[in-house]
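Heads up: the sequence shown begins at -5 in our numbering, then just goes up one per residue.
Quick reminder that beta carbons are idealized off the backbone N, C-alpha and C, glycines included.
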Amino acid sequence: MRMFRRLPVVLTLLLAATPLAAQNRWLSNYYPYIASSPNTFPLLGARYDYRRDAEWDDTWLSDGSLAATVALGFNGSQMATLVFRAPGLWKDWRLFAEGFGVKDARMGYFGIGNDTPYDPSLEVNNSNYYRVRRGRLGGRVEVTRRIIGHLEAAVAGGIVGTEFTSLPAPTLFGTQVGSALEGTDYTGSLRLVYDTRDREYNPSTGTLLQVGGLVGNSYSRFYGDARGFVHPFFSTVVAGRVTAVSTSGSPPLSADYELHLWEESRWQYGGQETNRGLVGGRLTDADQLSASLEVRQTILDVGDFGGAGVIGFLDVGRVFPEGGLSLTTDGMVLTGGVGLLFRALKAGIMTLNFAWGPDGYVFTANTGWSF
């Protein structure tokens, strides 16, 4: 009889221990994957990830995760990536590592500078006149240490080999650069990060501020990136971003296309990650000043199972030659548009963007938020 009186206590302890044990379990997942690359959508493929889920009040999705992705596009674009993230495995430490092999079959090349012209008539007989093929193979490792509160410091090192190859003539790249351009860039960077976002993967409140410096083979780069998120209504998020980049030395063309940030990298200017009213690679140069404002309105929300909604956005910015960064409105390119957002489970974000700019209508798609 005494044993039966203890049974509810035993069951309560078992039920309490079950989620604690599950939190420390590493789980495998396989699922189809849709990605995008500069001027290419969709890339269809598959992803495998091995992860340990975070606790419900953590800002990150997984304490640790290893994700392998392979995807192919219909125009010859390809990607294979291996990414390890560990924001919650060690107290006050984070680790990020990635390896990748990517081929962008239709990367934009419009020349160097903020005033590069665009003439649609040149694409009548050759739709690839303003395109170039880019292949990249490399990797990066970044270690972050919490200093105090929300302030963190990160150090990173990376290597990437890049090859640009001209498409069938005539193309602007072939005329200005030649049939091919290749090189390897070794980089090291240091940055300070201040992060108060409520969730890293789908923020609705808080800020992400970062300043850093990077040293490459023949150049150095300093940047600042500020993002803010407010949640004025239950289903509405207003997000903003300001970025400034200053470069000295002689950066290779590959560095003009890419900006390294904290645990991520993005294309310098033009496309779904920066200015959605410009095609990927539309404005290319070493320095940059840009800003974005976005309203995200969820219409259908089924909690952790997913959601859908609409977005409205404005993007503005320009590029400068090496060392030419200045606080000015001259030459700024302003674009705007609307989009559809889809969320699968907690963090599977996809946006379809319809924007208008100086070169006309531009459609882009992105796996994840633009920022």
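Our contact map puts residue i next to residue j with C-beta atoms below 8 angstroms; I'd like the distance itself, whole angstroms only.
| i | j | result |
| --- | --- | --- |
| G271 | A349 | 4 angstroms |
| V239 | Y217 | 5 angstroms |
| T144 | D189 | First, the amino acid is wrong: residue 144 is His here, not Thr. Correct: roughly 6 angstroms between the Cβ atoms. |
| Y263 | S284 | 6 angstroms |
| G82 | D52 | 6 angstroms |
| L66 | G39 | 6 angstroms |
| G265 | P32 | 6 angstroms |
| A99 | S71 | 4 angstroms |
| I343 | N196 | 7 angstroms |
| W20 | R46 | 5 angstroms |
| R139 | W87 | 6 angstroms |
For residue i, which of helix, strand or coil comes out of DSSP?
| i | result |
| --- | --- |
| D51 | coil |
| D113 | coil |
| F371 | Past the boundaries of the shown model lies residue 371; the chain is included only from -5 to 365, so the question cannot be answered. |
| F104 | coil |
| A341 | coil |
| T169 | helix |
| L272 | coil |
| D250 | helix |
| F223 | strand |
| G354 | strand |
| D190 | According to the sequence as given, residue 190 is Thr; it is not Asp. Reduced to three states, the DSSP call for T190 is coil. |
| S183 | strand |
| L9 | With a pLDDT of only 41 at L9, under the threshold of 50, the placement of this residue in the model should not be trusted, and no figure is reported. |
| R140 | strand |
| F314 | strand |
| N70 | In the sequence as presented, Asn is not what sits at residue 70; that position holds Gly. The answer is coil: DSSP assigns G70 none of H, G, I, E or B. |
| V64 | strand |
| R79 | strand |
| F365 | coil |
| E267 | coil |
| A349 | strand |
| K97 | strand |
| S30 | strand |
| E258 | strand |
| N18 | coil |
| V304 | strand |
| T322 | coil |
| A147 | strand |
Give me whichever residues DSSP pairs with residue i in a beta bridge.
| i | result |
| --- | --- |
| T241 | R215 |
| F395 | Because the chain here runs from -5 to 365, residue 395 falls outside it and cannot be looked at. |
| Y25 | R41 |
| D309 | S286 and T329 |
| L161 | Partner(s): none; L161 has no beta bridge. |
| T199 | Looking at the DSSP assignment, T199 forms no beta bridge with any residue, so it has no partner. |
| V126 | M101 |
| F336 | A302 and M344 |
Measuring CA to CA, which of the options is closest to residue i?
| i | options | result |
| --- | --- | --- |
| F368 | F35, W50 and A80 | With the chain represented from -5 up to 365, any question about residue 368 goes unanswered, as that position is not in the structure. |
| T268 | Y213, L328, S244 and F299 | L328 |
| G274 | V126, G58, A74 and R215 | V126 |
| S198 | R45, V289 and N119 | V289 |
| R134 | S212, Y123, G155 and G151 | G151 |
| V232 | S259, Q291, R191 and P246 | Q291 |
| N120 | A163, S30, D219 and A29 | A163 |
| L321 | D281, D298 and G306 | D281 |
| L208 | L202, G306 and S242 | S242 |
| L76 | W84, V64, D86 and W87 | V64 |
| G222 | S183, R191 and E257 | R191 |
| L277 | D250, R260 and W256 | D250 |
| E157 | M101, W261, G234 and A80 | M101 |
| Y24 | N18, I141, L37 and R41 | R41 |
| F299 | G362, M326, F336 and Y355 | F336 |
| F307 | R46, L346, D324 and G297 | L346 |
| T358 | S22, N18 and L37 | L37 |
| F365 | G325, E258 and V304 | E258 |
| G234 | V310, W261, R185 and F227 | V310 |
| A62 | D43, L319, A48 and G303 | D43 |
| A74 | L89, S30, G331 and E136 | S30 |
| L184 | R193, S248, V149 and H225 | V149 |
Could you tell me whether the Cβ of residue i comes closer than 8 angstroms to any Cβ of chain B?
| i | result |
| --- | --- |
| G218 | Here there is only one protein chain, and chain B is not present. |
Worksheet item: If we count Cβ pairs, one from each stretch, closer than 8 angstroms, do we get three or more for the stretch 126 to 141 versus the stretch 78 to 94?
Response: Touching, per the Cβ criterion.
Worksheet item: Is the stretch 172 to 191 in contact with the stretch 107 to 117, if contact means three or more CB pairs nearer than 8 angstroms?
Response: Output reads no: the stretch 107 to 117 does not touch the stretch 172 to 191.
Fill in: Cβ pair count under 8 angstroms reaching 3, the stretch 154 to 169 against the stretch 308 to 315
Flag = no, the stretch 154 to 169 and the stretch 308 to 315 do not touch.
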